[in-house]
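Chain order of the listed sequences is A and B.
The opening position of the first sequence corresponds to residue -11 in the working numbering, with each subsequent residue numbered one higher.
The opening position of the second sequence corresponds to residue 16 in the working numbering, with each subsequent residue numbered one higher.
C-beta atoms are modelled at their ideal positions from N, C-alpha and C, and glycine is treated no differently.
Remarks on the structure that follows.
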Amino acid sequence: MKTFEREFASWLGVKHAIACSSGSAAIHAAISAIDPEPGDEIVTTAITDMGALTPILYQGAIPVFADVDPRTCNVTADTIRPCLSERTRAIIITHLFGNPCDTGPILALAAERGLPVIEDAAQALGARWRNRRAGAIGRIGCFSLQQGKHITAGEGGVVVTDDDQLARRMFLFVNKAWGYGDKTPDHYFLALNCRMSELQGAVAVAQLPKLDDIVRRRIEMAVSLTEQIRDVPGVLPPLCAADAVHSYWRYCLRVTDGNAVGLAKALEPMGIASAPRYIRKPAFQCEVFAARRTFGKSQFPFTLARPEAVDYSPARFPGTFAALDAALVLPWNERYTAEHVCYIAQAIREAARCAQGN
Amino acid sequence: MTKLPSDQDASGRTLGQEELDALAAVIRSGTLFSVKG
Chain A
-11 MKTFEREFAS WLGVKHAIAC SSGSAAIHAA ISAIDPEPGD EIVTTAITDM
39 GALTPILYQG AIPVFADVDP RTCNVTADTI RPCLSERTRA IIITHLFGNP
89 CDTGPILALA AERGLPVIED AAQALGARWR NRRAGAIGRI GCFSLQQGKH
139 ITAGEGGVVV TDDDQLARRM FLFVNKAWGY GDKTPDHYFL ALNCRMSELQ
189 GAVAVAQLPK LDDIVRRRIE MAVSLTEQIR DVPGVLPPLC AADAVHSYWR
239 YCLRVTDGNA VGLAKALEPM GIASAPRYIR KPAFQCEVFA ARRTFGKSQF
289 PFTLARPEAV DYSPARFPGT FAALDAALVL PWNERYTAEH VCYIAQAIRE
339 AARCAQGN
Chain B
16 MTKLPSDQDA SGRTLGQEEL DALAAVIRSG TLFSVKG
């Protein structure tokens, strides 16, 4: 595991990498390192895995959902800005599907407000922004080695930073905050055992040297698909931010006629499983948020929230709803060949025609 | 119908002898029995 941490840090170009049990644990370690006061706010997205959100609640903080750009499903500086308050402690940016956020303006906004940016790069191993790897751009980066990710250890995660103090805090968090190696060790603060096992570490060490080639092949085939479906009516390929390299954990089509479900149904008989609407609904419509199901009947930490911070009115999230309405997520992997991609392109063309009733 | 590789099984993944060798090395090293916390 230590070998993996060292080699991952080197591959990413950061000072510290701490292996942990999952991508959710990586986010949890990051939030713990930020150490918010109860009721403090962390700005994030509602189009993400719940594992990137519940750690905020466990740390007593309030996730404040920024809207997204419906063309990318990603948060932007413009959608984050109205969510900032005097209680904001950090901004999490999720590079969804491997497609980096338009990071420059976000970094500028965060710097202006003195806020750390946490990158959720769980889906973005190998993605780049201005020649920096996703996850190595903000103050903290979080990664997943879950079963379906670019590389996997069956499960697992990594949290990274260049900051010595944050690294120490994140190392402690995944180790029950026990001061290993200290002269008089103690459990210094509230923390969990989120360690990666040595067996997972061994698989991860063997996977890491393969990552660049895996990403290269995913990109090559995705670019080919984009070229082949450019003229298909009602379907748009992924849109990348300027200076960004998408690493294609998934290939997310945008269906512009509002019939992503119909297109998915038409693709199914051709052997192409797809996920219309991705996570189906924004995270804030899940019961944990909508019904505030947290610790017993307390509704903590929502009880500490500013009303505006937990206002989940649909009118506040036009981009989020539009993004989910249009999303049709195709599985993607490095074993796709030119023949496979040609088949997928033909299937999309045919399915689009069927879905439009032509 | 063309059957596509899937990342839900080994057909879409890049796992092989290197991973098996690394696992064997860890098991032989005894580190699994070293209590770390």
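- In this structure, A/A122 and A/E107 form a Cβ contact; the two beta carbons are roughly 6 angstroms apart against a cut-off of 8 angstroms.
- Nearest to A/R127 by alpha-carbon distance, out of A/A271, A/W(-1), A/A5 and A/L251, is A/A5.
- From the beta-carbon of B/G27, the residues of chain A found nearer than 7 angstroms are N321 and R323.
- In the DSSP assignment, A/I79 falls within the unbroken beta strand (DSSP E) covering T76 to T82.
- For B/D22, a Cβ of chain A is located within less than 7 angstroms of the residue's own Cβ.
- At a cut-off of 7 angstroms, the C-beta of A/G169 has no neighbouring C-beta in chain B.
- Proximity to A/V193 across B/F48, B/S49 and B/A39 peaks at B/A39, based on C-alpha coordinates.
- Residues of the stretch 176 to 196 of chain A with a C-beta atom less than 9 angstroms from some C-beta of chain B are N181, R183, S185, E186, L187, G189, A190, V191, A192, V193, A194 and Q195, listed in chain order.
- When DSSP reads this structure, A/D174 sits in no beta bridge, so it has no partner.
- Contact annotation: the stretch 255 to 275 of chain A touches the stretch 309 to 326 of chain A, with at least three C-beta pairs closer than 8 angstroms.
- For A/R238, the beta-bridge partners assigned by DSSP are A/P319.
- Its chain contains S20 and A21 as the residues whose beta carbon lies nearer than 7 angstroms to that of A/R157, once the 5 sequence neighbours on both sides are disregarded; these appear in chain order.
- DSSP, read as helix, strand or coil, puts A/C130 in strand.
- Taking the CA atoms as reference points, A/S10 sits about 22 angstroms from B/E33.
- Classified as buried, A/F159 has 16 or more neighbouring CB atoms from the shown chains inside 10 Å of its CB.
- The residue among A/S(-2), A/F131, A/A248 and A/T32 with its C-alpha nearest the C-alpha of A/P270 is A/T32.
- When Cβ-Cβ separations below 7 angstroms define contact, A/I202 makes contact with chain B.
- Counting along the chain, A/H4 sits inside the beta strand (DSSP E) bounded by residues H4 to C8.
- For A/V56, there is no enclosing alpha helix (DSSP H), as DSSP marks it with neither H nor E.
- The C-beta of A/S132 has 16 or more other C-beta atoms within 10 Å across all chains shown, which makes the residue buried.
- Selection A/M258, A/A112, A/V223 and A/V2 evaluated against A/V203 yields A/A112 as nearest (Cα-Cα).
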